[in-house]
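Just below is one structure, and these are the notes that go with it.
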Amino acid sequence: MVRAQLTDFTPARIGPYCGYSKSATVLQFRLLPGRDTVLVVIPCAREQGEAIYQNGSTYNLRLSTLATDPEWLEGGWQLSSAYEHRAWSRWWCRGLERVK
């Protein structure tokens, strides 16, 4: 579990609803305390509604390593990302809760 601040959100960044295909969205967070920026892959992000995602808000994130997470590795995810050119670490989101 880590605490992080959402730093670069717009509604256009959220991928489509999950249904027949699995959609994951990459969002940019800054870990707290500190300044490290990370990319978090959120499965079915649109299902939670756009209102939960607010720039500057703080979140508790339950993360696992993207390279070893079984849900990610089983494949079939369509990834919506505006950050493919970034070299920041990437994490799979197992849980997200906005705290303020």
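In case it helps, the working numbering puts the sequence shown at residues 167 to 266. Positions of the beta carbon are idealized from the N, C-alpha and C atoms, including for glycine.
Can you tell me the Cβ-Cβ gap for residue i and residue j, rounded? I've got them flagged as a contact below 8 Å.
| i | j | result |
| --- | --- | --- |
| Cys259 | Leu227 | 6 Å |
Hey, would you say residue i sits closer than 8 Å to residue j, going by beta carbons?
| i | j | result |
| --- | --- | --- |
| Tyr183 | Arg212 | yes |
| Thr176 | Gln194 | no |
| Arg169 | Thr231 | no |
| Trp254 | Leu229 | no |
| Gly181 | Ser246 | yes |
| Ala190 | Val207 | yes |
| Gln220 | Leu198 | no |
| Ile218 | Arg179 | no |
Output the boundary residues of the beta strand (DSSP E) element that contains residue i.
| i | result |
| --- | --- |
| Gly185 | Segment: none, Gly185 is in no beta strand (DSSP E) and carries neither H nor E. |
| Trp254 | Element bounds for Trp254: n/a, residue is neither H nor E. |
Would you list the residues sitting across from residue i in a DSSP beta bridge?
| i | result |
| --- | --- |
| Val168 | Leu227 |
| Arg264 | Tyr225 |
Which ranges would you report for the beta strand (DSSP E) in the segment 190-249 if only whole runs of at least 3 residues count?
203-209, 224-231, 243-246
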